[in-house]
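Position 57 (the sequence shown) corresponds to 399 in my numbering; numbering is contiguous.
Cβ atoms here follow ideal geometry from the backbone N, Cα and C, with glycine treated the same way.
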Amino acid sequence: MSRKTIIACAVTGSGDTVQKNPAVPVTPAQIAQSAIEAAKAGAAIVHIHVRDPNTGKASMDFELYKETVERIRNSGIDVIINLTTGAGARFSPDKDNPRQPGTGTTLCSPAERVRHVLALRPEICSLDMGSMNMGEHVFVNTPGHLSEMARAIRDAGVRPELEVFEAGHIRLSSRLIEAGDIRSPALFQICLGVPWAQPATGRAMQFMVDLLPPNSTWFAFGISAQQFPMVAQAWILGGNVRVGLEDNLWVSKGVLASSNAALVEKAAHIIEQLGGAVATTAEARQILALN
């Protein structure tokens, strides 16, 4: 019997991509519809950010999360919702006084970053397991903040998806697991190709997988042109996969993706051509012990 592989779809993200591909969804209605289409195409999990409907920029507005989640839940489509907690972690130092936040800083408290998760209770939420340079700003996730967020997520009965961008993030994850802040076995998302972090190569993925705690379940993705090569690599190494317009705007070289569903369909085709099978939502819940 073919091993079942879960496809997760990162629907919109928070990057400045809205003007680069018209398929990137912005409003709650657009994000929810794109998530529903991705689920119909084979995604068992949809990873959700929200954007300001007027500007297309990243947002932390609770009402936007609420509307998006309700639209998906009321659609009749069975899909696992994964809400981000990555928003609220950016720091850009002021040019004249680097001790002060400059333009683009979004730093806020751990409680603010998980407020929508505690209220809406998705089955999964992301938890970015460390700090790193990201573009021209710093993505700040201190051990103390992560511990506080992890405990709140745990107590809400939500499964954290531990996003790891480099080896040290896995080491910190293991520490929080040992402390009981995160329940074991853990769920990891290996994020590859983000500038100034782990590259999107087969050797890099293998290195990250080898560091994971025993019995972990894991996904992996590569950004941009490496999205589909990393789908194949993750399947070969026994993991699950993530695709979506958050990470990649192209379905093939020079061809913009027309939708998240198109990216999911291509990932499913790769898995099946390699001899695998795509997990249904019910099968994904069983694999991830969400029931």
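Exercise for review: Reducing DSSP to helix, strand and coil, say where M476 ends up.
Suggested key: Along the sequence shown, one-based indexing puts residue 476 at 134. DSSP places M476 in strand when its eight states are reduced to three.
Review point. Near S356, which residues of its chain fall below 6 Å by C-beta distance, leaving aside the five closest residues on each side in sequence?
Key: For the purposes of this step, residue 356 is taken as the residue at position 14 of the sequence shown. Answer for S356: H391, A400, listed in chain order.
**Study point:** CA-to-CA distance, A453 to Y407, given in whole angstroms
**Key:** Walking along the sequence shown from the start, residue 407 turns up at place 65. Walking along the sequence shown from the start, residue 453 turns up at place 111. Taking the straight line joining both Cα atoms gives about 16 Å.
Check your understanding: Quick check: the segment 542-549 against the segment 516-524, are there 3 or more CB pairs under 8 Å?
Key -> no
Review point. Candidates V551, D523, E465: which alpha carbon is nearest V506's?
Key: For this step, residue 506 is matched to residue 164 along the sequence shown. It is V551.
Exercise for review: Taking all protein chains shown into account, decide if N483 is buried (16 or more other Cβ within 10 angstroms of its Cβ) or exposed.
Suggested key: For this step, residue 483 is matched to residue 141 along the sequence shown. It counts as buried.
Exercise for review: Taking 9 Å as the cut-off, decide whether the C-beta atoms of L587 and N363 are in contact.
Suggested key: Counting from 1 along the sequence shown, the entry for residue 587 is found at position 245. Counting from 1 along the sequence shown, the entry for residue 363 is found at position 21. The answer is yes: Cβ separation under 9 Å.
Review point. With respect to the alpha helix (DSSP H) encompassing H487, which residues constitute its N-terminal and C-terminal limits?
Key: For the purposes of this step, residue 487 is identified with residue 145 of the sequence shown, where counting begins at 1. Unbroken alpha helix (DSSP H) run through H487: 485-497.
Review point. Which term fits T410, buried or exposed, when burial requires 16 or more other beta carbons within 10 angstroms of its beta carbon?
Key: The count along the sequence shown starts at 1 and reaches residue 410 at position 68. The residue in question, T410, is buried, as its Cβ has 16 or more Cβ neighbours within 10 Å.
**Study point:** C-alpha gap between R393 and N602, whole angstroms
**Key:** The count along the sequence shown starts at 1 and reaches residue 393 at position 51. The count along the sequence shown starts at 1 and reaches residue 602 at position 260. Cα to Cα, R393 sits roughly 16 Å from N602.
Review point. Any idea what DSSP makes of S600, helix, strand or coil?
Key: The residue given as residue 600 occupies position 258 in the sequence shown. Of the three classes helix, strand and coil, the one that applies to S600 here is coil, per DSSP.
Check your understanding: Rounded to whole angstroms, how far is the Cβ of A609 from the Cβ of V593, which I believe are closer than 8 Å?
Key -> Mapped onto the sequence shown, residue 609 falls at position 267. Mapped onto the sequence shown, residue 593 falls at position 251. No, A609 and V593 are not in contact; Cβ-Cβ is about 11 Å, not under 8 Å.
Review point. Taking DSSP as the reference, what is the three-state secondary structure of A365?
Key: Position 23 of the sequence shown, counting from 1, holds the residue named residue 365. Here A365 sits in coil by DSSP.
Check your understanding: How many Å lie between A371 and S417 at the Cα?
Key -> Locating residue 371 in the sequence shown gives position 29, where the first residue counts as 1. Locating residue 417 in the sequence shown gives position 75, where the first residue counts as 1. When rounded, the distance between both Cα atoms is 11 Å.
Review point. Excluding the five sequence neighbours on either side, which residues of its own chain have a C-beta within less than 8 Å of the C-beta of S489, listed in chain order?
Key: Along the sequence shown, read from residue 1 onward, the residue named residue 489 stands at position 147. Same-chain partners within the cutoff: L518, A521, D523.
**Study point:** As assigned by DSSP and simplified to three states, the class of R432
**Key:** If you number the sequence shown from 1, residue 432 lands on position 90. If DSSP states are grouped into helix, strand and coil, R432 belongs with the strands.
Practice item. Thinking L504 and L469 are a contact (beta carbons under 8 Å), I'd like their distance in whole angstroms, please. Key: Along the sequence shown, one-based indexing puts residue 504 at 162. Along the sequence shown, one-based indexing puts residue 469 at 127. Their Cβ separation, rounded to whole angstroms, is 6 Å, which keeps L504 and L469 in contact under 8 Å.
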